[in-house]
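Protein chains in written order, with numbering that gives the first Met the number 0: chain A, 0 to 96; chain B, 0 to 416; chain C, 0 to 1004. From the three backbone atoms N, C-alpha and C, an ideal C-beta is built for every residue, glycine too. Remember, predicted model here, so these are calculated numbers, not experimental data.
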Amino acid sequence: MLLIPCPHCGPRAEIEFSYGGEAHIARPEEPDELTDQEWSDYVFMRRNPKGVVLERWVHAHGCRRWFNAARDTVTYEILAIYPMGQNPPELPEPRYL
Amino acid sequence: MNKRYSIFSLARNAYTRHEDWQEAWRSPAPKARYDAVIIGGGGHGLATAYYLAKLHGMTNIAVVERGWLGGGNTGRNTTIVRSNYLWDESAAIYEHAMKLWEGLSRELNYNVMFSQRGVLNLAHSPSDMREVQRRVYANRLNGIDSEILNAQQVKEFCPQIDLRGGGRYPVVGASLQRRGGTARHDAVAWGYARAADALGVDIIQECPVHGIKVVDGKVRGIETARGYIETPKVGIVVAGHSSVLAEMAGFRLPVQSMPLQALVSEPVKPTLDCVVMSGAVHAYVSQSDKGELVIGAGVDHYIGYGQRGSQQVPEETISAICELFPIFRRMRMMRQWGGIVDTCPDASPIIGKTPVEGIYINCGWGTGGFKATPGSGWVFAHTVACDEPHPLNAPFSLDRYRTGYLIDEHGAAAVAH
Amino acid sequence: MPQSFRLPEGGLIDRARSLRFTFDGRSFDGHPGDTLASALLANGVHLVARSFKYHRPRGIFSAGAEEPNALVQLGEDPRTDPNQRATQVELFDGLSAKAQHCWPSLEVDFNQVTSLASRLIPSGFYYKTFMWPSWKYFEGPIRRAAGLGKAPRLPDPDRYDKCFAHCDVLVVGGGPAGLAAALAAGRTGARVILVEQDNRLGGSLLSAPETQIEGAPSADWVREAEAELATLPEVKVLKRTTCFAYYDHNLLGLLEKVTDHYAPYDRPAELPRQRMWRVRAGHVILATGAIERPLVFRDNDRPGIMLASAASSYLNRWAVKPGSRAVVFTNNEGGYRAALDLKSRGVDLAAVIDLQLAAEGPLSRRARDEGIPIKTGYAVTGTSGHLRLKKVFVAPLDGAGKRVFGGGEPIEADLLVSSGGWNPTVHLFCQSKGTLEWDDSLACFRPDASMQRNQAVVGAANGTFGLSSVLVEAHAAALAAADAAGFSTGGEASTAPTSVEERDFLPMREIYLVPSIKPLGQGGKHFVDQQHDVTAADLLLAMREGYRSIEHVKRYTTTGMATDQGKTSNVAAIGIVAEHLGKTVPEVGVTTFRPPYTAVTFGAFAGRDVDDFLDPERTTPMHAWHRAHGAAFEDVGQWKRAWYYPQAGEDMAAAVNREVKAARDSVGILDASTLGKIEIRGPDAGVFLDRIYTNVFSTLKVGRARYGLMLKEDGMVFDDGVTTRLAEDRYLMTTTTGGAANVMSWLEEWLQTEWPDLKVYLTSVTEQWATMTISGPNARALLAELTELDLSTDSFPHMSMAEGEVAGVKARIFRISFTGELSYEINVPSRYGLAVWQALIRVGQKYAITPYGTEAMHVLRAEKGFIIVGQETDGSVTPLDLGMNWIVSKKKDFLGRRSLSRPDMLKADRKQLVGLLTEDGREVLPEGAQLVESNHDIRPPIPMVGHVTSSYWSPNCGQSIALALVKGGRDRMGERLYAALPDRTISCTVTEPLFFDKTGERLHG
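Written out as structure tokens, the structure is:
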């Protein structure tokens, strides 16, 4: 069970959080301008890296605030936490064994 | 063909102290060129190779596997086989698999211990029961054996269940597929490998793929740890790592790789003679031939390639099992583990062509992969050989996310496993 | 009965007290401090079990968690526990244990015929046969032959607890390394938890009484350390507690056996049987010690054969002679420690058989000085004795260690102990994804790199074997951990305890498979995994057949897959595989270490989350009234909702019919408190709702209400409900009962992540309001008796809201209807809910007010064709499919809109919502029934055109009604379809999904 550093409440157990999928996917401003393919990419297509993923979490059983995280999907190490709407910070190199 | 396995060959070899058994499969060096290469030596990949050779005459083919055969989800799953899916498209492909399962041991001359002990899907509320009825009625019209049981019939079929469900999740009924059951997971990979090898397929283990060469939108070959292999056709069947391989080939998939966990108890004498699943409490259980209770959980909800277990998942799952089976509370967990499942937005697989000519993908089975193994390999072999999906897998195209022709098994299946 | 193998003195047992226990029906005595294993050995009992496959007689092989053989069934149903390791079961008065997996008895087990047929059933035999005519004929007998102990047949009456704990430093293992670490960290003031699986601290020191620490017997040091730890307020010591798992981010699972060791009559009722701890540790120090490796020789499994260290433990810790005449078989110095122990405690030592060409260490020198016969360059080539070891055969070994010479010289012995070196207990380290390296000088795997942060492995677990080095290493690691956690030593020099450096087992002669006079597999068996009866010949067979990856070898032969998970067998198996394949041991590598270290009771995982506590139950303020009035309840999510209220003599159908009629004939009352309620506030609330719902809410007038649908981005209906504008900047949204939490999360997600510029605030108020709906032609008259509000349609029209008092309680009244009748939904603060409900019931008597439950509500809404999300929808249904185009705005964007114009959404043959009337109006279609176009009897697969989503007997229509989703349904009006059921076919006609009051005039009363 991960230990997730909520930016508002401090480190808390994973069971208090809900996962929000990939971060930095902006909803298209003019959906009608998009082709079906472009729209379906927005709705369904997500990065799925073996390595660092930028993703969203919400402290559902706590402050209920959303935030972004950079997490290594192999080691599960959380490399950074940053607010919604911000770009990811400089990240340390992932550690692979 | 290898020497056939039988009670007589066992006896003969006992006489020679088992010194003369042939290898189940060769360990050849990769050739410079194949007519097709299947990436992924799990059950689905090996089945694909077998059917390519057996039904489509493609014997100059190879299976490349980064580790050992059956080392991914094939060797980590809870081995449940059933075909009682709701939607016509799913029912058709899983039932096709079921029919192949029913003759698989003899087809492969390898005992995969397919055991049709019956699969119960429990209903705990009137709305669960409504879904059970919808599915059973649909199954029967699709030619799939499926029955509705009331609570008393559940108790008769599986006396170990506490119908009170601890008070919180009373059992009000169930669907039952008697032809459903379990199979020995490793044997499926090994059986297909041995049979494919006998037809001339090269099975190359410890051969990770580092790159896929694509020129003008057409595949030319693959870069592997054991050198470049030229091939006009590549089938990607690497549950858990589909996105990684797709990225090498230059296309994207709507797939997320999630951890899926399972556990077994210590072995005991027979105490549970069927498979019991409950969507409401997210748990399923059966007893292996060795005597272990094999228990599966729901999918963890974040991307994870860790292939390990966590603390809260067994806790939740075991609590649920203890609720349905208070007699199991003194049983003990012997081993827990995790696999990686590719999940699609509609909880149905993708089996078909890709934006790259000559590359075919078979992925996104989520928690349903093992039970589909023979059917998946069969339709995928057709797809690779004919450059066109079989009618059974045509609905499972990558394009369905664009058109909206989704096959959403989330809400539909009582349990998605 | 006398304990004839109990030594006259010594041992950590309480000789003053005797404990009576039974094994297989025979009574024995032991002492407090004994394990079941030590007590059995004290009574001369070695034979305790039969092996899994060949039913070979087996004895007690070890003195700890690594035990492969001595598994017994404890207790009687319902408190019976299969597969308990006798070496870890603490003896208590009245303990009763049975041998398992044998018939008719342990001594005479007919199943041993499998042993005779063993040549027919090598590893993997079942993959090669039982295919004809079908596996099903063979599976039953094979299942019955497998398994070990018996599962309980009655529900477990015991109670379990679980708890969380946090600490700065978690020390796993209470041996010398763990004690030194806990002391060093604890003295800094850091929060320390020390975990020890045994009932005593001390670890290996318990079996080595002559060891000195700080110039005194180690027992004194252990005692003082324990006493000091008890004085440190931030230190917690958990004994009888196994750290069974090491999960991500330094979360570790512990299982504490709280009362298992009490005699049944002494068990404190207030304590749980076991307690699970989930510890989140800042730093973890693994001091888990090492497990001795047995040597693999021919017939190495007989009762009377055990690990050398186990023999020392039985002699020293439990004062038990494990035999009368012993042979020690070793490949390293460690075996000589057992030899010296055996000799000094009065066991007749026949010989030390040493694989090494010469033994030149301090222990072997001492052994030689004491006149112990030593044969170096010799091997044990076999053993004899059926139920107990009788003879050991030895022969000289060639220089390469591949062959023995001669026929094997017999030595009479009833005890044979073997030592093949030590394996650091790296299980927890590997579970946490640390990697191993092979240490050539120690010939063992030891920890290399950690994946988890803030982790250290110390002592034997780290491959550090000299006691002095162990203490220094543990001390330093603990200080570093405490320092990193913010606890310094404050300048006070803290030093490690001092001891004599004793490195028992270096060097060693690495021979993983001891040769015999006959070829492997002939005339005897070299067991690698004793519990699963996997032999060296099996491993070689697997490799011959192409199963060469160590994972394939493991899975094909099942080596290491028994309840001991290969603690004594895995490295031997890897060594044998490596030798056969011409690889090195590290090239072959290890299989994955998985939790748990030792098996964990299911009940402890569940804790108190069982029965009523598995999941919370939510009830409304009027719940007690429903109960008192005989309601049957329906589970909707976590809520208990009144389903129907049967009166005397009524079945469900009669009750529902009565309730449904009443709501249309006079007035009914429904508890609707469970519907989700979300208050949406802020200047941008209207804009926000316009984006969420398919229709427009920003233009809604204050005091008016509107029904809305929300979609996911894929265009599929997700939830629905009525939203009312309470004020210019304030809306109250209602959601479905089951969807409330998801809708709240959905709204928050969009606000926080996509539209943070919108000034909107959300509050869930579901539980703040009690909601009761009165519905029916007399609803207005009833309400008028309890409120001053003007209820005329002009001032209080349909789809509007008014605030005022009802029965003297401030209320919000919504004139909205889910039944098609004149309805008022009265919301009062929760604490007044029951009082207002009772007032309505009391005053309503004159209108024969009838409480109705969710089932009647479903019938009433179906008569009007109103959908229920989750019943008419399943995540694959769009508003267009439901015929609700009228609610889909063309003028604005909203979530999911773009998806509605994808090609598949526009197809004419999509499933659409329609009504169905059965040809015979008395016949009610089953919900979920599938619809087909023809009633001719044809063979499956039969194309289905739709299914019944809702179906009821409608007393108001006087016939059955149903809603269905049907392909191209709106173009099929009047068409005949058939519900195809297993036993019959029901003919029905497609209609509009509206059955009652088609003009909608009843809404106005």
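Query raised in the report: So does the region 193 to 207 of chain B actually touch the region 59 to 69 of chain B, counting three or more Cβ pairs closer than 8 Å?
Result: yes
Requested in this report: Please name the residue, chosen from B/L119, B/T47 and B/D127, that lies closest to B/D272 on a Cα-to-Cα basis.
Outcome: Looking only at B/L119, B/T47 and B/D127, the smallest Cα-Cα distance to B/D272 is reached by B/L119.
Report task. Run the CB neighbour count on C/S343, radius 10 Å, all protein chains shown included, and call it buried at 16 or more, exposed below. Result -> So C/S343 ends up on the exposed side.
**Report entry** Sequence-distant residues of the same chain with beta carbon closer than 7 Å to C/G74, five excluded per side
**Finding:** Leaving aside the five residues that flank C/G74 on each side, the residues in its chain whose CB is nearer than 7 Å to its CB run, in chain order, D80 and S95.
Query raised in the report: chain B beta carbons: is any one of them nearer than 8 Å to that of A/I24?
Result: no
Requested in this report: Compute the Euclidean distance between the alpha carbons of B/G295 and B/G338, then round it to the nearest angstrom.
Outcome: 11 Å
Query - alpha helix (DSSP H) segments (min. 4 residues) lying fully within the region 717 to 750 of chain C - result: 739 to 748
Query raised in the report: What separation, rounded to the nearest whole angstrom, lies between the Cα atoms of B/A412 and C/V425?
Result: Only weak support exists for where B/A412 lies, its pLDDT of 40 falling under 50; the coordinates are left without a value.
Query raised in the report: By how many angstroms is the C-alpha of C/G832 removed from the C-alpha of C/V842?
Result: 15 Å
Query - Simplified DSSP state of A/L96, which is helix, strand or coil - result: Residue confidence is low: A/L96 scores 49 on pLDDT, short of 50, so the model does not pin down where it sits. Its coordinate-derived value is still stated next. A/L96 falls in the coil class under three-state DSSP.
Requested in this report: Establish whether the CB of B/G190 and some CB of chain A are separated by less than 8 Å.
Outcome: no
Requested in this report: Check each residue of the region 43 to 54 of chain A: if its Cβ is closer than 9 Å to any Cβ of chain B, include it; give the result in chain order.
Outcome: Within the region 43 to 54 of chain A, the qualifying residues are F43, M44, R45, R46, N47, P48, K49, G50, V52 and E54.
Query raised in the report: B/Q255 and B/I317 look like a contact to me (Cβ under 8 Å); what is the Cβ gap, rounded to whole Å?
Result: With a Cβ gap of about 26 Å, B/Q255 and B/I317 do not count as contacting.
Requested in this report: Consider the Cβ of C/S1055: report whether some Cβ of chain A lies at a distance smaller than 8 Å.
Outcome: The requested residue 1055 of chain C does not occur in the structure, where chain C is confined to residues 0 to 1004.
**Report entry** DSSP three-state assignment for C/M715, whether helix, strand or coil
**Finding:** coil
Query raised in the report: If C/T735 sits next to C/T722, beta carbons under 8 Å apart, how far is it from one beta carbon to the other, in whole angstroms?
Result: Contact between C/T735 and C/T722 does not hold, since their C-beta atoms are separated by about 13 Å, which reaches or exceeds 8 Å.
Query raised in the report: In chain C, what lies closer than 7 Å to B/I221 by C-beta?
Result: Per Cβ cutoff of 7 Å: no residues; B/I221 is ~22 Å from chain C at best.
Report task. Let me know the alpha helix (DSSP H) ranges lying completely inside the region 113 to 160 of chain C, each 4 residues or longer, listed in chain order. Result -> Taking only runs of at least 4 residues, the alpha helix (DSSP H) segments lying wholly in the region 113 to 160 of chain C are 124 to 127 and 135 to 144.
Query raised in the report: With a cut-off of 8 Å, does the C-beta of B/V280 fall near any C-beta of chain A?
Result: Closer than 8 Å: no.
**Report entry** Beta bridge counterpart(s) of C/R814 as assigned by DSSP
**Finding:** C/S799
Query - Three-way DSSP call (helix, strand, coil) for C/A598 in this model - result: coil
**Report entry** Beta-carbon contacts of C/D683 that lie in its chain and below 6 Å, excluding the five residues immediately before and after
**Finding:** L757, K758 and V759
Query raised in the report: Given a threshold of 16 other Cβ atoms within 10 Å of its Cβ, counted over all protein chains shown, does C/Y136 qualify as buried or as exposed?
Result: exposed
Query raised in the report: First and last residue of the alpha helix (DSSP H) that includes A/L33?
Result: Premise fails: A/L33 is in no alpha helix (DSSP H) and is neither H nor E.
Query raised in the report: Do you know offhand how far C/M743's Cα is from A/H7's?
Result: 20 Å
Query raised in the report: In chain order, what residues of the same chain have a beta carbon less than 6 Å from the beta carbon of B/A282, not counting five sequence neighbours either side?
Result: T316, A319 and I320
Query raised in the report: How big is the Cα-Cα spacing for C/L1057 and C/V947?
Result: For chain C, the structure presents residues 0 to 1004; residue 1057 of chain C sits outside this window and is missing.
**Report entry** Classification of C/V379 by the beta-carbon crowding that lies within 10 angstroms, buried from 16 upward
**Finding:** buried
**Report entry** Interface partners of B/G303 on chain A, CB under 8 Å
**Finding:** T72 and Y75
Query raised in the report: List, in order along the chain, the chain A residues whose C-beta lies closer than 9 Å to that of C/Y596?
Result: Under the 9 Å cutoff, chain A gives no residues; its nearest Cβ is about 18 Å from C/Y596.
Query raised in the report: Below 8 Å between beta carbons: does that hold for C/P267 and C/V403?
Result: no
Query raised in the report: Is C/S953 close to chain A, meaning its C-beta is less than 8 Å from at least one C-beta of that chain?
Result: no
Query - Any chain C beta carbon closer than 8 Å to B/Y136 - result: yes
Query raised in the report: Taking Cβ to Cβ, would you say C/R1001 is nearer than 8 Å to C/V989?
Result: no
Requested in this report: Report the option in C/G559, C/I284 and C/G252 whose CA atom is closest to the CA atom of C/R277.
Outcome: Among C/G559, C/I284 and C/G252, the Cα nearest to that of C/R277 belongs to C/G252.
Query raised in the report: Exposed or buried, C/K997, counting other C-beta atoms within 10 Å across all chains shown (16 or more means buried)?
Result: exposed
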